[in-house]
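Asks: Can you keep this structure in mind? I'll have questions shortly.
2 protein chains.
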Amino acid sequence: MKTIEQLLDSKNIRVTAMRLLIYKFLAEKQVAVTLSDIENAFDKADRTTLYRTVKTFEESTIVHQIDDGTGITKYALCEKGCNCDIETDLHLHFHCNNCNETVCLTEHKIPQIKVPNGFISEDINLVVKGVCDKCSGL
Amino acid sequence: MKTIEQLLDSKNIRVTAMRLLIYKFLAEKQVAVTLSDIENAFDKADRTTLYRTVKTFEESTIVHQIDDGTGITKYALCEKGCNCDIETDLHLHFHCNNCNETVCLTEHKIPQIKVPNGFISEDINLVVKGVCDKCSGL
DNA sequence: TTATAAATGCACTTCCGTTGCATTGTATTT
DNA sequence: AAATACAATGCAACGGAAGTGCATTTATAA
Chain A
174 MKTIEQLLDS
184 KNIRVTAMRL
194 LIYKFLAEKQ
204 VAVTLSDIEN
214 AFDKADRTTL
224 YRTVKTFEES
234 TIVHQIDDGT
244 GITKYALCEK
254 GCNCDIETDL
264 HLHFHCNNCN
274 ETVCLTEHKI
284 PQIKVPNGFI
294 SEDINLVVKG
304 VCDKCSGL
Chain B
174 MKTIEQLLDS
184 KNIRVTAMRL
194 LIYKFLAEKQ
204 VAVTLSDIEN
214 AFDKADRTTL
224 YRTVKTFEES
234 TIVHQIDDGT
244 GITKYALCEK
254 GCNCDIETDL
264 HLHFHCNNCN
274 ETVCLTEHKI
284 PQIKVPNGFI
294 SEDINLVVKG
304 VCDKCSGL
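Protein sequence lines, in the order shown, are assigned to chains A and B.
Position 51 of the first sequence, counted from 1, bears residue number 224 in the working numbering, the numbering being contiguous throughout.
Position 61 of the second sequence, counted from 1, bears residue number 234 in the working numbering, the numbering being contiguous throughout.
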């Protein structure tokens with residue numbers, strides 16, 4: 174089990190108090206969060222710092238960006254089974270129209286998508302919208 | 174073959190010069206357009222008018238909105254084979270990372286996506302990113 | 001033709017993402 | 001340990017896009 178410090182170190186990211194806090198916050202969350210979510214969790218910190226921290230994490234594939242169609246970029250930790258740096262590892266995201274939360278369904282791989290001749294597929298973004306398990310009551 | 178006037182009439186949308194122009198503009202385009210694209214095409218018209226016109230078209234399922242991950246909302250006519258009002262009719266969109274254009278691949282239906290128990294799927298947004306046929310040269 | 005309601009245009013606001021720059025903090029070298 | 005170099009942080013501001021309120025114009029109906 175790696176400590177957060179060791180993880181950041183292995184990615185050549187300087188360990189700071191702020192970054193540890195943000196990482197822990199992301200780790201606690203089970204859903205993808207917006208920059209505003211992080212902002213609200215850390216009143217003292219500046220928006221820019223949070224923004225740049227997340228971007229740093231993103232570049233080092235510690236978090237991945239999610240575009241769930243709400244128009245607001247969300248972020249989630251690349252945890253167990255999510256190797257964002259590997260192109261073929263694509264999982265889908267589920268956006269709940271009720272609670273407005275977006276979760277990563279890492280265990281659900283995206284099926285092969287065929288595109289017409291001449292088109293080259295490099296990346297796939299798949300967002301399923303509906304009602305999540307917590308809201309459906311099923 | 175319906176005229177545009179007849180189409181708008183059938184959807185209970187008042188026929189105006191502006192709306193006819195915008196419809197024709199969308200019909201000519203083979204790719205999804207942003208509001209700015211429309212804005213640039215009609216210098217005289219106000220952004221708000223264009224915005225509201227597109228929204229009106231959207232509500233009446235004359236155009237459909239596309240979120241291709243660029244962060245900017247795009248719109249495209251619901252033409253032949255695209256029945257946006259029917260939930261099951263979901264086609265995929267292709268976004269070219271080279272020319273930045275987004276096209277509707279209406280003939281390519283989205284495969285059945287399985288979601289975990291408790292989750293209810295209502296809508297699916299699938300965007301494939303890569304290189305389009307015009308840019309690939311294949 | 002007049003009354004009614006919708007469409008348009010203008011101004012403005014809000015929100016998110018992003019950048020520049022000064023300042024603080026961390027690490028490294030002597 | 002002090003000095004240096006560089007990265008991280010905080011503050012301010014910008015820009016683009018979406019959206020709203022209100023006055024005015026235009027179209028439909030009585």
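Beta carbons are placed, not taken as given, at the ideal position from N, Cα and C, and that holds for glycine.
Answer yes or no: do B/Lys-282 and B/Leu-311 have a C-beta to C-beta separation smaller than 9 Å?
Replies: The residue labelled residue 282 of chain B in the question sits at position 109 within the second sequence. The residue labelled residue 311 of chain B in the question sits at position 138 within the second sequence. Between B/Lys-282 and B/Leu-311, the C-beta spacing is not below 9 Å.
Asks: Just to make sure I have the definition right: I need the residues of chain B whose C-beta is within less than 9 Å of the C-beta of A/Asn-270. Which are they?
Replies: Within the first sequence, numbered from 1, the residue matching residue 270 of chain A stands at position 97. Within chain B, the residues near A/Asn-270 are Glu-295, Asp-296.
Asks: Quick check: the segment 299-307 of chain B against the segment 266-274 of chain B, are at least 3 beta-carbon pairs closer than 8 Å?
Replies: Of all C-beta pairs linking the segment 266-274 of chain B to the segment 299-307 of chain B, three or more are shorter than 8 Å, placing the two stretches in contact.
Asks: Checking contacts by CB at 9 Å: is A/Cys-277 closer than that to chain B?
Replies: The residue given as residue 277 of chain A occupies position 104 in the first sequence. No, because no Cβ of chain B sits closer than 9 Å to the Cβ of A/Cys-277.
Asks: If you scan the segment 197-268 of chain A from start to end, which runs of the beta strand (DSSP E) of 3 or more residues do you find wholly inside it?
Replies: 236-239, 247-250
Asks: One question on the structure: do B/Leu-223 and B/Glu-231 come within less than 9 Å of each other, judged by their Cβ atoms?
Replies: Stepping through the second sequence from its first residue, residue 223 of chain B is reached at position 50. Stepping through the second sequence from its first residue, residue 231 of chain B is reached at position 58. It is not a contact, given that the beta carbons lie outside the stated cut-off.
Asks: List, in order along the chain, the chain A residues whose C-beta lies closer than 7 Å to that of B/Asp-210?
Replies: Stepping through the second sequence from its first residue, residue 210 of chain B is reached at position 37. What B/Asp-210 touches in chain A, judged by beta-carbon distance under 7 Å, is nothing: the nearest beta carbon there is about 18 Å away.
Asks: Interface residues of chain B around A/His-281 at Cβ under 9 Å?
Replies: For the purposes of this step, residue 281 of chain A is taken as residue 108 along the first sequence, with counting starting at 1. What A/His-281 touches in chain B: Ile-286, Lys-287, Val-288, Pro-289.
Asks: Can you find a CB in chain A that lies within less than 9 Å of the CB of B/Thr-246?
Replies: Along the second sequence, read from residue 1 onward, the residue named residue 246 of chain B stands at position 73. Cβ-Cβ to chain A under 9 Å: yes for B/Thr-246.
Asks: Please list, in chain order, all residues of the same chain as B/Cys-308 whose beta carbon is under 8 Å from its beta carbon, the five residues on each side excluded.
Replies: For the purposes of this step, residue 308 of chain B is taken as the residue at position 135 of the second sequence. Excluding positions up to five away in sequence, the list reads Cys-269, Asn-271, Cys-272.
Asks: Run through the DSSP bridge pairs and tell me what A/Cys-277 is partnered with.
Replies: On the first sequence, residue 277 of chain A is found 104 positions in, with the first residue counted as 1. According to DSSP, which records beta bridges pairwise, A/Cys-277 is partnered with A/His-266.
Asks: So with CB distances below 9 Å, who are the chain A contacts of B/Cys-305?
Replies: Position 132 of the second sequence, counting from 1, holds the residue named residue 305 of chain B. Neighbours of B/Cys-305 on chain A, chain order: Gly-291, Phe-292, Ile-293.
Asks: Taking B/Val-318 as the query, report the chain A residues whose CB atoms sit under 7 Å from its CB, ordered along the chain.
Replies: Since the first and last residues shown for chain B are 174 and 311, residue 318 of chain B lies out of range.
Asks: Report buried or exposed for A/Lys-228, applying the criterion of at least 16 other Cβ atoms within 10 angstroms of its Cβ.
Replies: The residue you call residue 228 of chain A lines up with position 55 of the first sequence. It is exposed - the Cβ of A/Lys-228 has fewer than 16 other Cβ atoms within 10 Å.
Asks: Taking the alpha-carbon of B/Val-288 as reference, which of A/Asn-290, A/Gln-238, A/Asp-306 has the nearest alpha-carbon?
Replies: One-based indexing of the second sequence puts residue 288 of chain B at position 115. Checking every option, the nearest Cα to that of B/Val-288 belongs to A/Asp-306.
Asks: Any heavy atom of the ligand HEM inside 8 Å of the beta-carbon of A/Leu-208?
Replies: Among the components modelled here there is no ligand, and therefore nothing to report on the ligand HEM.
Asks: Rounding to the nearest angstrom, what Cα-Cα distance links B/Gly-244 and B/Ala-214 in this structure?
Replies: In the second sequence, the residue the question calls residue 244 of chain B occupies position 71. In the second sequence, the residue the question calls residue 214 of chain B occupies position 41. Each residue's alpha carbon lies about 21 Å from the other.
Asks: Quick one: what does DSSP say B/Ile-293 is sitting in, helix, strand or coil?
Replies: Taking the second sequence and counting its residues from 1, the one referred to as residue 293 of chain B is at position 120. Strand at B/Ile-293.
Asks: In terms of residue numbering, what span does the alpha helix (DSSP H) encompassing B/Ile-177 cover?
Replies: Your numbering for residue 177 of chain B matches position 4 in the second sequence. Per DSSP, B/Ile-177 is one residue of the alpha helix (DSSP H) stretching across 177-183.
Asks: My guess is that A/Thr-207 and A/Thr-176 are in contact by the Cβ rule of under 8 Å, so how many angstroms apart are they, rounded?
Replies: Position 34 of the first sequence holds residue 207 of chain A. Position 3 of the first sequence holds residue 176 of chain A. At roughly 27 Å, the Cβ-Cβ gap does not stay under 8 Å, so A/Thr-207 and A/Thr-176 are not in contact.
Asks: Rounded to whole angstroms, what is the Cα-Cα separation between A/Gly-242 and A/Ile-235?
Replies: Position 69 of the first sequence holds residue 242 of chain A. Position 62 of the first sequence holds residue 235 of chain A. Their Cα atoms are separated by approximately 22 Å.
Asks: In terms of residues, what are the limits of the alpha helix (DSSP H) holding A/Cys-308?
Replies: Your numbering for residue 308 of chain A matches position 135 in the first sequence. Start and end: 306-309.
Asks: Applying a beta-carbon distance threshold of less than 8 Å, which residues of chain A neighbour B/Ser-309?
Replies: Your numbering for residue 309 of chain B matches position 136 in the second sequence. Result: Gly-291, Phe-292, Ile-293.
Asks: Any idea which residues DSSP pairs B/Asn-271 with across the strands?
Replies: By 1-based counting over the second sequence, the position of residue 271 of chain B is 98. Bridge partners of B/Asn-271 according to DSSP: none are assigned.
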